[in-house]
Structure formats: structure tokens, C-alpha cells
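Q: First, the structure itself, so that you have it in front of you.
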Amino acid sequence: MEEVRRAGEALAAVFDRLGGQEPLLLARLWRAWPEVVGPDIAALARPLGHRNTKLLLGVEDAMVMSEMVHYAPVVLAQANEFLGRNFFDKVELHLLGGQVPLDGKGESPPVYRPEPVRPGSLGGLLADLPPDSPVARAYRAYVEFFARRGTE
1 MEEVRRAGEA LAAVFDRLGG QEPLLLARLW RAWPEVVGPD IAALARPLGH RNTKLLLGVE
61 DAMVMSEMVH YAPVVLAQAN EFLGRNFFDK VELHLLGGQV PLDGKGESPP VYRPEPVRPG
121 SLGGLLADLP PDSPVARAYR AYVEFFARRG TE
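My numbering applies: residue 1 is where the sequence shown begins, and numbers increase by one.
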């Protein structure tokens, strides 16, 4: 017969198996980022995550990166204070370059989907291919793709 345990004890065991309460604390930090570091710094440096004890921050350009180097000790202290312990020992700055920050304030970068360009002699090779070959089937599908788009 299983022993009846309190919900708190059961949750503690689950959290221990999932890496402790660390992921929850970090998620709270990412959500509260502007309140933790202030709106001015939050607008310049956005959380990207962590690697061991390094706090990873993303910035828009090299000028902001060079400026943020001077604020890194302050940001480090504020993040550790929020977490209630010295979790991070270093700040590492990266150019955002399309990465989505964890503070929930950004959007995913747009996905580049070029408009397909119809080749000039499309369909002319069908007569030269064995009709049931995989290449002919693939080529026929390619031709039909452009036919459905109305670019025939």
C-alpha cells in the first residue's frame, strides 16, 4: 500500500527530479526582467538564458554591447538579489541577431520565405522521362505546384 503524502512533499520530489526549483526561479526572473534591472537597462539588454553560472544577455548592436559592459556588474547583482542567492557569477553579452529573448517582450524573427520563381521551360522534360520513375513523379509535382499558383 502506498503511503499518503502531502502535496508539498510530492511536488518537492517532482521538482528535485526536474532539476530542483531552479527552472521556476529563472522563469520568474525572465518574466520580471524590467522590474529587476529597471526599464532603461531592460530596453538595452534582454535575457537569453544561462550557461552554468553565466547570465546570457542579448543586445541589438555593438554600440549597446560596449555600453552594457559597464552595467554588467550592476545587472549581475540585481539578478542575484532577485534570486536570493549568488546564482550568476558572470554576464555574457551576445548580439540578438534574430534570437528571441526570454522576457516575453519580443517576437519571433520573421521567417524568410522567398517567392518561388517559375523556370522558363518548366514542363518540357516530362516527355523525356520514364513516366513511372521517381524523378518523373517529382518533376510532375513540381510542374503542378506552379500550375496551382496560376503562374503557368
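Glycine included, each C-beta is placed from N, C-alpha and C at the ideal position. Treat the numbers as computed from the prediction; the structure is a model and nothing was measured.
1. Just checking, does the region 40-53 make contact with the region 67-80 on the three C-beta pairs under 8 Å criterion?
2. Around the C-beta of ALA196, are 16 or more other C-beta atoms found within 10 angstroms, so that it is buried, or is it exposed?
3. Across the region 56-74 and the region 21-32, are there enough close Cβ pairs to call them in contact, namely three or more that are closer than 8 Å?
4. Give the straight-line distance between the Cα atoms of ASN86 and LEU56, rounded to the nearest whole angstrom.
5. Is PHE88 buried or exposed, if buried means 16 or more other CB atoms sit within 10 Å of its CB?
6. Based on the DSSP output, what are the partners of VAL91 in its beta bridges?
7. In its own chain, which residues sit with a C-beta less than 8 Å from the C-beta of LEU94, not counting the 5 before and 5 after it?
8. Can you tell me where the alpha helix (DSSP H) holding ASP40 begins and where it ends?
9. Cβ atoms of PHE146 and LEU122: under 8 Å apart, would you say?
10. What are the partner residues of GLY49, as DSSP defines its beta bridges?
11. Consult DSSP for SER121 and reduce its assignment to one of helix, strand or coil.
12. Quick one: what's got a C-beta closer than 7 Å to LEU25's C-beta in the same chain, skipping five residues either side?
13. Looking at LEU129: is its Cβ nearer than 8 Å to the Cβ of TYR142?
14. Just how far apart, CA to CA, sit LEU6 and ALA27?
A: This is what the structure gives:
1. Judged by pairs of C-beta atoms under 8 Å, the region 40-53 touches the region 67-80, as three or more such pairs exist.
2. A query on residue 196 cannot be resolved here, the shown segment of the chain reaching from 1 to 152 and no further.
3. Here the region 56-74 does not lie against the region 21-32, with fewer than 3 beta-carbon pairs under 8 Å apart.
4. Taking the straight line from one Cα to the other gives about 15 Å.
5. Counting of Cβ neighbours within 10 angstroms places PHE88 among the buried residues, the total reaching 16 or more.
6. DSSP links VAL91 through a beta bridge to LEU55.
7. Going by the sequence as given, residue 94 is His instead of Leu. These residues qualify, in order along the chain: LEU48, LEU56, LEU57, GLY58 and VAL59.
8. From DSSP, the alpha helix (DSSP H) with ASP40 extends over 39-44.
9. The answer is yes: Cβ separation under 8 Å.
10. Answer is LEU56, bridged to GLY49.
11. For SER121, the three-state secondary structure derived from DSSP is coil.
12. Excluding sequence neighbours, LEU25 sits near LEU83.
13. No, the pair does not count as a contact, with Cβ atoms beyond the cut-off.
14. In the sequence on display, residue 6 carries Arg and not Leu. CA-to-CA, the gap between ARG6 and ALA27 works out to about 25 Å.
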